Structures are given as C-alpha cells and as structure tokens.
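Protein chains in written order, with my numbering: chain A, 616 to 730; chain B, 616 to 730.
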C-alpha cells in the first residue's frame, strides 16, 4: 500500500531530479527561444560560473534534453538547443513564470534564501 | 540591457526558490487532493523526517501557500491545506507529472542522483 503510493509520486520526483537543480530551469528557459552558444547562455544567465554551466549542459545532453552541435569552423562553433524531450519542459517553465508573476510581485513574498 | 534580461528571468527564479526545495513539490501534490494531518503527510511522503516535514510546512505557511488549522480537541487536531496561492502551484506539479510520465518511463532515463 505504502509502496504503491510511493510509486505514484515518482513522475514528479523524477522530474524534480532534473529541473530541481539550480540554474537548470533558467538554462531551459533561455533555450526555448532558440539555439544558443555557450557565451550567450553565460551572459543571459548572469552569475553562473563557466564550470557550472558546462556541468549543467553536459548533464542535460546526457539526459537527452539538450542537443550539442559542433560546426567545423575556425574558431570552432558550438551551439546548444533543446531536443523534443527538452521542449516538453516548456510547460513547466511557463507555469513557474505564470505563478511567479501572479503571486510573487512584492519583494517580501520572495524567500530570503534557498535553505 | 543585461539587467533587463536578468529581471525578466525573475518569476522562474523566484518560483524555484519555493518549489525547487526537496520534498516541497511532493507536499504540495499531496495537499492538492485535500487537507491532511501531519501524520498523513509523513506517511504519504514515505522517507521524509518529521523535522524536515515540520520545517517545510512552516516555510510554506510563512509564504502563504499552506494554511494550518488547529482544532481544540483532545488530543489537539492540526490540519494542513493549500491556500488559493498554494492551489495555483497545481499547474506546475501537474506539468512535472505529465513530463515525467511521458519522458522518464525507463529506469535509465532517471538521473542517478541529484548532484
């Protein structure tokens, strides 16, 4: 009984293992509008370290969410885009934006820190 | 320019400060179906410590997402439910469940750990 209940939670839990990580929802949000180069993502995410961005992109690529395309130019051009699986996350990101816009307008409605 | 871009990300970032915390999406999911007592949540969330559940519920109450009702009975009965603001998070949780159900069916599609 308890096991069945626990199994039923899995889709939310499993999705959270991916989108619950710091920066990941913001990377997906920035890629929804189209393919981006590493430097473009770094700038639009203002504050992420290159090491963390690189880690996040590798994970997302490994999970089939982000596609990495390499163009044999000089210097080499690398572009990141969302796969079909990644584009499926748009609904989650949009819902977060809607809720935040509606309910967290005032500064005092925002948690001070992610404890 | 960079500042404006950063400001535009805020709703997703701010929402993540709330729903990005471990257990929080699962607590909300369990309260969507109706009010629950502490022990009921503890059981349905299988694996959460009473201390963590208590912390999460206090935070959610502080942010106006969860309502805590105390009934003067012996022993005292305490029930937790979602406020209107909390019910607004249902769309995010539902989207996570939909995506997880569709894209993470196989065991090897689930990240091994939340690094």
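Note that the Cβ used here is the ideal one computed from N, Cα and C, for glycine as well.
What you are looking at is a predicted structure, and each value in this text was computed from that prediction instead of being measured.
Item to check | residue 720(B) classed as buried or exposed, judged by whether at least 16 other C-beta atoms fall within 10 angstroms | outcome: exposed
Checklist entry - Is there a Cβ from chain B that is less than 8 Å from the Cβ of residue 663(A)? => result no
Item to check | Supposed close pair residue 626(A), residue 711(B) - CB separation, criterion 8 Å | outcome: 7 Å
Next on the checklist: Under DSSP, the alpha helix (DSSP H) around residue 691(A) begins and ends at which residues?
Outcome noted: Premise fails: residue 691(A) is in no alpha helix (DSSP H) and is neither H nor E.
Checklist entry - Between residue 692(A) and residue 686(A), what straight-line distance do the alpha-carbon atoms span, to the nearest angstrom? => result 5 Å
Item to check | For residue 641(B) and residue 663(B), the rounded distance between their alpha carbons | outcome: 10 Å
Item to check | Buried versus exposed, by CB contacts within 10 Å (16 or more), residue 679(A) | outcome: exposed
Item to check | Euclidean distance between Cα positions of residue 635(B) and residue 696(A) | outcome: 23 Å
Item to check | Contact check, residue 647(A) vs residue 705(A), beta carbons under 8 Å | outcome: yes
Item to check | residue 644(A) - containing alpha helix (DSSP H), residue span | outcome: 639–647
Checklist entry - chain A partners of residue 630(B), CB-CB under 8 Å? => result 711, 712, 714, 715 and 719
Item to check | Beta-carbon spacing of residue 676(A), residue 683(A) below 8 Å | outcome: yes
Checklist entry - residue 651(A) by DSSP, collapsed to three states: which one? => result strand
Next on the checklist: Going by beta-carbon coordinates alone, are residue 660(A) and residue 672(A) separated by less than 8 Å?
Outcome noted: no
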